[in-house]
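**Student:** Here the protein sequences come in this chain order: A and B.
In terms of our numbering, the first sequence opens at residue 201 and continues consecutively.
In terms of our numbering, the second sequence opens at residue 201 and continues consecutively.
Don't be surprised by glycine CBs; every beta carbon is placed ideally from N, CA and C.
Input: one structure, supplied below.
Number of protein chains: 2
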Amino acid sequence: MKPTDGLTSRKQQILEQAAKLFRTRGFKGASLRQIAEKVGMEGPSLYNHIKSKHELLSILVMNNAREFNHRINEIHASSLSSLDKIDRVISLHIELTVVNPDAMSLMLSEWTHLEADERLEYVKLRDSYENQFKEILEQAMFEGDVVQMDVNFMLFMILSTLRSLYAWCARYKNYNRLEMEAYLKQGILKGILKKA
Amino acid sequence: MKPTDGLTSRKQQILEQAAKLFRTRGFKGASLRQIAEKVGMEGPSLYNHIKSKHELLSILVMNNAREFNHRINEIHASSLSSLDKIDRVISLHIELTVVNPDAMSLMLSEWTHLEADERLEYVKLRDSYENQFKEILEQAMFEGDVVQMDVNFMLFMILSTLRSLYAWCARYKNYNRLEMEAYLKQGILKGILKKA
DNA sequence: GTTAAAAACTAACCAATATTAGTTAATGTT
DNA sequence: AACATTAACTAATATTGGTTAGTTTTTAAC
Numbered sequence: 201m202k203p204t205d206g207l208t209s210r211k212q213q214i215l216e217q218a219a220k221l222f223r224t225r226g227f228k229g230a231s232l233r234q235i236a237e238k239v240g241m242e243g244p245s246l247y248n249h250i251k252s253k254h255e256l257l258s259i260l261v262m263n264n265a266r267e268f269n270h271r272i273n274e275i276h277a278s279s280l281s282s283l284d285k286i287d288r289v290i291s292l293h294i295e296l297t298v299v300n301p302d303a304m305s306l307m308l309s310e311w312t313h314l315e316a317d318e319r320l321e322y323v324k325l326r327d328s329y330e331n332q333f334k335e336i337l338e339q340a341m342f343e344g345d346v347v348q349m350d351v352n353f354m355l356f357m358i359l360s361t362l363r364s365l366y367a368w369c370a371r372y373k374n375y376n377r378l379e380m381e382a383y384l385k386q387g388i389l390k391g392i393l394k395k396a
Numbered sequence: 201m202k203p204t205d206g207l208t209s210r211k212q213q214i215l216e217q218a219a220k221l222f223r224t225r226g227f228k229g230a231s232l233r234q235i236a237e238k239v240g241m242e243g244p245s246l247y248n249h250i251k252s253k254h255e256l257l258s259i260l261v262m263n264n265a266r267e268f269n270h271r272i273n274e275i276h277a278s279s280l281s282s283l284d285k286i287d288r289v290i291s292l293h294i295e296l297t298v299v300n301p302d303a304m305s306l307m308l309s310e311w312t313h314l315e316a317d318e319r320l321e322y323v324k325l326r327d328s329y330e331n332q333f334k335e336i337l338e339q340a341m342f343e344g345d346v347v348q349m350d351v352n353f354m355l356f357m358i359l360s361t362l363r364s365l366y367a368w369c370a371r372y373k374n375y376n377r378l379e380m381e382a383y384l385k386q387g388i389l390k391g392i393l394k395k396a
């Protein structure tokens with residue numbers, strides 16, 4: 201039986217449980233035996249499906265990172281206005297976070313435990329992502345749509361909010377995505393002060 | 201020779217190096233031997249100064265958490281206006297982050313590895329902190345100073361930025377604190393959009 | 001039904017690590 | 001100088017955890 205049964209393949213189950221455990225206990229804190237138990241088998245049996253513990257982390261983190269990079273490339277290269285691009289990037293973050301909060305959480309906090317070569321690739325992807333976002337912000341600033349501010353700091357502020365979103369999703373389950381989008385865009389773009 | 205020599209006592213050195221290592225490798229990823237090496241002794245010798253590995257984490261995390269809680273209590277109880285209180289809370293975050301970024305980073309990301317009882321206390325402190333901040337925001341909202349929005353979400357947005365600050369400090373070393381304060385307050389309060 | 005592959009299990013290995021025990025060197029006090 | 005305390009060291013223990021080897025059961029194909 202090849203992985204033709206798609207979604208619920210054994211390896212998928214393992215990846216899902218691994219993601220959950222890596223997220224709650226951390227990569228180092230979660231053991232293969234714990235993962236195996238969650239998926240209903242003995243520890244060493246995992247090796248019929250995976251190559252190593254690191255492979256699990258690698259798949260979870262790198263897939264997400266590549267997806268992210270791919271999607272922002274599209275936005276960056278599009279012919280949208282700068283403000284619309286910013287809007288899309290925010291939506292992108294929300295979408296990927298809502299679809300797979302575990303992978304998102306992992307990508308942002310456990311990437312340090314990737315093996316050397318992949319850690320390098322990850323950093324490259326992340327830097328590329330940040331640079332594209334920065335260019336969009338610079339463009340918007342140049343066109344006079346956003347306020348004058350140190351671009352790096354503005355980028356940091358926006359990303360810190362977007363990157364914390366998975367924690368929010370974990371705490372307040374039944375938030376509707378559109379509501380979150382509305383709040384986020386309002387908060388980031390207009391701040392919290394009431395207009396004088 | 202009791203710890204009368206203050207700052208540079210052996211235990212302080214150990215705590216400092218432990219903080220750095222816990223931060224970069226994570227609590228589980230950093231070994232006592234590595235800490236010992238950094239401070240110039242063999243692993244087991246650490247036990248002449250500490251009770252356990254967990255004690256190191258405990259001191260680093262809980263001290264910071266208690267300090268945080270203490271300080272926001274003062275602000276919450278003060279007779280300042282709601283907007284001024286918000287202002288002070290932002291300054292508080294910046295101050296504690298700049299003074300001890302390692303402890304801040306640890307408190308926010310490694311608290312999960314505290315032992316059961318202390319983890320409970322930590323969560324209590326954190327919840328109390330968040331509640332006080334929330335009350336301040338509600339008050340400001342009630343008085344019409346800040347925009348109408350789900351308070352929990354607003355709290356989340358502000359905190360996510362403030363709590364990421366240590367990462368910013370790590371990347372861009374020589375940022376002046378006043379500059380950061382100005383940017384942060386502008387960004388949080390007024391957003392990034394230029395007034396129409 | 002026989003056979004071959006996939007996927008489970010058990011037992012064992014090996015490395016790392018927190019921790020304990022026991023010992024020795026350094027330090028300071030009387 | 002003698003003694004007690006502090007703080008270092010080395011050796012050893014117990015546990016955990018990733019991984020391998022070898023074997024048995026389950027599954028699917030002919």
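Should asparagine 217 of chain A and lysine 251 of chain A be called a contact, given that it needs their Cβ atoms to be closer than 7 Å?
**Tutor:** The sequence shown places glutamine at residue 217 of chain A, not asparagine. No. Outside cutoff.
**Student:** Out of B:Leu365, B:Leu355 and B:Trp368, which has the shortest C-alpha to C-alpha gap to leucine 384 of chain A?
**Tutor:** B:Leu355
**Student:** According to DSSP, is leucine 292 of chain B helix, strand or coil?
**Tutor:** Three-state result, leucine 292 of chain B: helix.
**Student:** Given a limit of 9 Å on CB to CB distance, which residues of the segment 202-233 of chain A reach chain B?
**Tutor:** Look at the segment 202-233 of chain A: the residues with a C-beta under 9 Å from a C-beta of chain B are Thr224, Arg225, Gly226, Phe227, Lys228 and Gly229.
**Student:** Ordered along the chain, which non-local residues of its own chain (more than five positions away) have a Cβ less than 8 Å from that of valine 351 of chain B?
**Tutor:** Around valine 351 of chain B: Lys334, Leu337, Glu338 and Met341.
**Student:** Mind pulling the chain A residues with CB within less than 9 Å of histidine 254 of chain B?
**Tutor:** For a Cβ distance threshold of 9 Å, nothing in chain A lies close to histidine 254 of chain B: the least Cβ distance comes to about 13 Å.
**Student:** Kindly list, in the order they appear in chain A, the residues whose Cβ is closer than 9 Å to that of leucine 389 of chain B.
**Tutor:** Gly391, Ile392 and Leu393
**Student:** Who does leucine 393 of chain A pair with in a DSSP beta bridge?
**Tutor:** Looking at the DSSP output, leucine 393 of chain A sits in a beta bridge with B:Val346.
**Student:** Going by beta carbon distance, what residues of the same chain come within less than 7 Å of serine 328 of chain B, once the five residues before and after it are set aside?
**Tutor:** Asn269
**Student:** Which residue marks the beginning of the alpha helix (DSSP H) containing proline 244 of chain B, and which one marks its end?
**Tutor:** Element bounds for proline 244 of chain B: n/a, residue is neither H nor E.
**Student:** Which residues in chain A sit within 7 Å of tryptophan 368 of chain B, going by Cβ to Cβ distance?
**Tutor:** By Cβ distance, chain A contributes Phe356.
**Student:** Start and end of the alpha helix (DSSP H) containing tryptophan 311 of chain A?
**Tutor:** Run containing tryptophan 311 of chain A: none; DSSP gives neither H nor E here.
**Student:** Straight-line CA distance for arginine 223 of chain A to serine 209 of chain B?
**Tutor:** 36 Å
**Student:** If you scan the segment 359-387 of chain B from start to end, which runs of the beta strand (DSSP E) of 3 or more residues do you find wholly inside it?
**Tutor:** Whole beta strand (DSSP E) segments, 3+ residues: zero.
**Student:** Just the chain B side, please: which residues come within less than 7 Å of aspartate 350 of chain A by C-beta, in chain order?
**Tutor:** By Cβ distance, chain B contributes Tyr383.
**Student:** Quick check: is the beta carbon of valine 347 of chain A nearer than 7 Å to any beta carbon in chain B?
**Tutor:** yes
**Student:** If we cut at 7 Å on Cβ distances, does threonine 361 of chain B have a partner in chain A?
**Tutor:** yes
**Student:** For the segment 295-308 of chain A and the segment 259-277 of chain A, state whether three or more C-beta atom pairs, one from each stretch, are separated by less than 8 Å.
**Tutor:** yes
**Student:** So, under 8 Å CB-CB, leucine 246 of chain A and isoleucine 259 of chain A are touching, yes? Tell me the CB distance rounded to an integer number of Å.
**Tutor:** Actually they do not touch by this definition, with Cβ atoms about 13 Å apart.
**Student:** List the whole-angstrom C-beta distance separating aspartate 302 of chain B from lysine 220 of chain B, where the pair is believed to meet the contact cut-off of C-beta under 8 Å.
**Tutor:** 6 Å
**Student:** How about isoleucine 214 of chain B and histidine 249 of chain B: are their beta carbons less than 7 Å apart?
**Tutor:** Yes, these two residues count as a Cβ contact at 7 Å.
**Student:** Starting from glycine 224 of chain B, follow the alpha helix (DSSP H) in both directions and report where the run begins and ends.
**Tutor:** Reading the sequence as shown, one finds threonine at residue 224 of chain B and not glycine. Unbroken alpha helix (DSSP H) run through threonine 224 of chain B: 210-225.
**Student:** Nearest chain A C-beta to serine 364 of chain B closer than 7 Å, yes or no?
**Tutor:** Closer than 7 Å to some Cβ of chain A, the Cβ of serine 364 of chain B qualifies, so yes.
**Student:** Rounded to whole angstroms, what's the CA-CA distance from valine 346 of chain A to isoleucine 392 of chain B? Just pull it up for me.
**Tutor:** Here the alpha carbon of valine 346 of chain A sits roughly 6 Å from the alpha carbon of isoleucine 392 of chain B.
**Student:** Exposed or buried, what is arginine 233 of chain A when buried is set at 16 or more other beta-carbons lying within 10 Å of its beta-carbon?
**Tutor:** exposed
**Student:** Output the boundary residues of the alpha helix (DSSP H) element that contains histidine 276 of chain A.
**Tutor:** 253-277
**Student:** Tell me the DSSP secondary structure of lysine 324 of chain B in three-state form.
**Tutor:** helix
**Student:** Run through DSSP, which three-state label would asparagine 300 of chain A get?
**Tutor:** In this structure, asparagine 300 of chain A counts as coil in the three-state DSSP scheme.
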